[in-house]
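First to last, the sequence lines map onto chains E and B.
Residues in the first sequence are numbered from 3 upward in steps of one, following the numbering used here.
Residues in the second sequence are numbered from 3 upward in steps of one, following the numbering used here.
There are 2 protein chains.
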Amino acid sequence: MKNKLHFPTSYNNRETKNKLFEKIQQERSHIGYYNLPNQKIDAILEYVETIDSSIETIAVIGIGGSSLGAKAVYQFLKPVKTPTRDLVFFESTDPLNIIATCSQMNLDKTHFLIISKSGTTVETIAVFKYVYAKLNSVKNYTFITDRDSALDQFAQKIEAKCFYLPESVGGRFSVLSVVGLLPLALCGVDIAALLAGAKNIKESFFGDGYIKETLLNKAIYYAKHHTKYNINCLFAYSETLTYFTEWYVQLWGESLGKKQRHSAFNVGVTPIGLIGPKDQHSFLQLIVEGTRDKSVTFIKIEDFQDELVIPDITLPYLEKLDVLNGVAFHDLITMQSDSVIEALMDQGDIPLDEIIIERVNEASIGQLIYYYELLTSLVGELIDVNTYDQPGVESGKIILKKKLNGGK
Amino acid sequence: MKNKLHFPTSYNNRETKNKLFEKIQQERSHIGYYNLPNQKIDAILEYVETIDSSIETIAVIGIGGSSLGAKAVYQFLKPVKTPTRDLVFFESTDPLNIIATCSQMNLDKTHFLIISKSGTTVETIAVFKYVYAKLNSVKNYTFITDRDSALDQFAQKIEAKCFYLPESVGGRFSVLSVVGLLPLALCGVDIAALLAGAKNIKESFFGDGYIKETLLNKAIYYAKHHTKYNINCLFAYSETLTYFTEWYVQLWGESLGKKQRHSAFNVGVTPIGLIGPKDQHSFLQLIVEGTRDKSVTFIKIEDFQDELVIPDITLPYLEKLDVLNGVAFHDLITMQSDSVIEALMDQGDIPLDEIIIERVNEASIGQLIYYYELLTSLVGELIDVNTYDQPGVESGKIILKKKLNGGK
């Protein structure tokens, strides 16, 4: 992975950077995600072996942090590495969606993973009740929740297997824990390679490697300018990264959209996921000519491991487009992203950077995940918010509870 | 369709509204989309009848305005009305995506629609060349482009059917023209009902109906506060509207992100599509506690035409959640949206409104489409931009051309 920043960082002072780095060092003692790349995965791999080979589909009942991470990794890898099982997600109370999702699978050949950190997520339990009443076997469930939650106790009661979230790992930082690893391993993803990718970034950052200065500089720039550039666009040039951008939106939005710890102010940087070249025909106009309120990070893939080439044929009247002949699609998409980057650099006042990942594999997405988790922690520290809570969503839950109890 | 505004509008002055309405009246003479609900569709319906019943898949090769509209309508209706044919889209130069899309279909039973307004869209012609070289029959193509474009001339040459975009209809405003209607009709969508929905909003707006005041008030509010609320979130409570929000993002972003006509300023309101309840577990925290830079429009469905109910079962240790028992999923999702709306209203400084559509059918999505097109035109007029062009994307295209010609 490479990361080039196309905005000025030379004025960032050494002391600021040292202080920031120290703060993050301190967090490692009590925030759980930092250490996930070093965990042991034997228990997960052994459990995967116990699942019958007749199981064709893994269905995750979970929402937000319980689904977005695994979905991002699965959908990223799918086009280059055929999964051993299908992975589907129940992540809505929309009845039309529940029916459509059920119709995609043979329920008898499906193993359900019920994932809820608190154990009482309304959407998850509602859908689980529906599935549980529909199937009458209890063999096909595995639960992932906090130790001693009501869901844990239920799982014990029906003698189903239950895995626990590691301590101090929040939902949106949990993809590299059992929450993401178990569904992925069940579908044939090499989770050791995924963690190795994350570890590579971890060691580079904490061990004075190439990514340390880059991440510190980027975080300081974003934080310093967060009222001017209140929107951050992640513009990924591959359809495979569509769900990764959704994961990033949750991570970034829910972590950084907060009241400041030491002020009465509301702050945050709004995340937007874009996919190229598609969104050149949609959102790009707004970046080029719209309000100067956006920073943009491009993600490019160095090697698509693919040789698909535009055929060398001339279409009458379309001879002008013969410049495309013989061009590999992977070269075309790279030229497209480079052209947009150049055009935006010409504007002179849009903060840009480029992330280049090597190829579509487990290690690359592991790197991207850990990189974005670190960046989120760094910016959160600098804009003085608690990166790891989400108090803002509670009031809606309380109102819902009242409504469910028949109150107005 | 209903639309309730939860922000103050009483101070909007009559004269401003009259002037704005007049401007839009004037646009009707030269901007083509306004009149699309009244077009004749016989030619499209007759052509649909000529397509062999052995064709199972309609594949659109198109990007941006050539794909997003049909995709939005098709995916909206799919869960309640089984399509007569699959509709798939080639909208990327990502080689992994092209291969994955091809593998979804039997090429011999696929009819291709090549859609490009200019006729020379790089992505579209690149993919078309690939498909064209792969298939050796030319029966299975239909083209949609501007009259006399190079693509039109090519279509004539190979004696393939070609439809034309109506005059003065831009790509992102073209879903109710042949661009959207032909692929949809080929998959069994009732395009007359779709247009009737749009016509309903059109007549209500231009004929002094209920939507006129609402739209004028909403547009004036958005325009007046576009520097403070520089982000507009469309929060739709149904998975069926996922691709509608992508259509809206293009419409809004590409139309409003501009240099002002009479100033040197860059303006725009950034569109964000959200889906409930999923994004309660992702983006909501940022709305509730983040920077006050967002207005939010909720879309709710009144009748999901579905009776899926949460079973009346008690799960040991999860008795607290028995409040869910016997609740229909469609009632739960409505309670969820209402709870979030209430919670946000309690904040007091987030501009909200609600759109309620009756049910998942052609008329509803036709209404939504025309409503958003009108709103875009109104806001564009007020913030002094040319709503219908996209000059910002040209510079990237010029650089790409150079690269393709071997330049640096």
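Every residue gets a Cβ at the ideal spot worked out from N, C-alpha and C, and that includes glycine.
For Lys21 of chain E, the closest Cβ of chain B is not nearer than 8 Å. The CB of Arg87 of chain B never comes closer than 8 Å to any CB in chain E; the least such distance is about 18 Å. With a cut-off of 8 Å on Cβ pairs, the segment 358-368 of chain E is not in contact with the segment 190-208 of chain B, counting fewer than three such pairs. Among the residues of chain E, those whose CB is under 7 Å from the CB of Ala102 of chain B are Pro81, following chain order. Phe156 of chain E belongs to the set of residues whose beta carbon lies under 8 Å from a beta carbon in chain B. Only buried fits Gln282 of chain B, as 16 or more other CB atoms lie within 10 angstroms of its CB.
With a threshold of 16 other beta carbon atoms within 10 Å, Tyr390 of chain B meets it and is buried. Within chain E, the residues His228, Thr229, Asn232, Gly259, Phe267, Asn268, Val269, Gly270, Val271, Thr272 have their CB atoms less than 9 Å from the CB of Thr293 of chain B, given in chain order.
Listed in chain order, the non-local C-beta contacts of Ala330 of chain E below 6 Å within the same chain comprise Val311, local neighbours out to five positions each way being set aside. At a cut-off of 8 Å between C-beta atoms, Phe285 of chain B counts as an interface residue with respect to chain E.
At a beta-carbon threshold of 7 Å, none of the residues of chain E lie near Val50 of chain B; the nearest stands roughly 26 Å away. Contact between the segment 366-381 of chain E and the segment 22-37 of chain E is present: three or more C-beta pairs spanning the two stretches fall below 8 Å.
Residue environment for Ser68 of chain B: buried (at least 16 other C-beta atoms within 10 angstroms of its C-beta). Its Cα nearest to that of Val124 of chain E, the residue B:Leu323 stands out among B:Leu323, B:Ser397, B:Val381. Taking the C-beta atoms as reference points, Thr95 of chain B is found no nearer than 8 Å to Gly121 of chain B.
Here the C-alpha atom of Gly368 of chain E lies approximately 12 Å from the C-alpha atom of Ser176 of chain E.
Ile233 of chain E and Thr293 of chain E have their alpha carbons spaced roughly 11 Å apart. Apart from the 5 residues on each side of it in sequence, Val298 of chain E sits with its Cβ closer than 7 Å to the Cβ of Cys235, Phe237, Ile289, Leu346, Ile352, Leu354 in its chain, given in chain order.
The DSSP-derived three-state label of Phe207 of chain B is helix. Considered as a whole, the segment 289-332 of chain E harbours 296-305 as its complete beta strand (DSSP E) runs of no fewer than 3 residues, in chain order. For Cys189 of chain B, there is no enclosing alpha helix (DSSP H), since its DSSP letter is neither H nor E. For the pair Lys302 of chain B and Tyr132 of chain E, the Cα-to-Cα distance works out to about 23 Å. Counting other Cβ atoms within 10 Å of its Cβ, Glu364 of chain B reaches 16 or more and is therefore classed as buried.
Beta-carbon to beta-carbon, Ile65 of chain B and Thr103 of chain B are separated by about 13 Å, too far to satisfy the 8 Å threshold. Nearest CB-CB separation between Thr84 of chain E and chain B: not below the 8 Å threshold. Boundaries of the beta strand (DSSP E) harbouring Asn234 of chain E: 233-238, taken from the DSSP string. For Phe306 of chain B, a Cβ of chain E is located within less than 8 Å of the residue's own Cβ. Interface residue (Cβ-Cβ distance to chain E less than 8 Å): Asn142 of chain B is not classified as such.
Around the beta carbon of Tyr13 of chain B, fewer than 16 other beta carbons lie within 10 angstroms, which makes this residue exposed. If you draw a straight line from the Cα of Gly409 of chain E to the Cα of Val342 of chain B, it comes to about 15 Å. If you draw a 10 Å sphere on the C-beta of Asp154 of chain B, you find 16 or more other C-beta atoms in it, and that means buried. Contact residues of the segment 383-395 of chain E toward chain B are Gln392, Pro393, Gly394, Val395 (C-beta to C-beta distance below 8 Å). Under the Cβ distance rule, Ile65 of chain B counts among the residues neighbouring chain E, one pair being separated by less than 8 Å. Val75 of chain E has no beta-bridge partner at all, per DSSP.
Burial state of Asn108 of chain E is exposed, judged by a 10 Å Cβ sphere holding fewer than 16 other Cβ atoms. Your pair Gln307 of chain B and Val82 of chain B checks out as a contact, with CB atoms roughly 6 Å apart and the cut at 8 Å.
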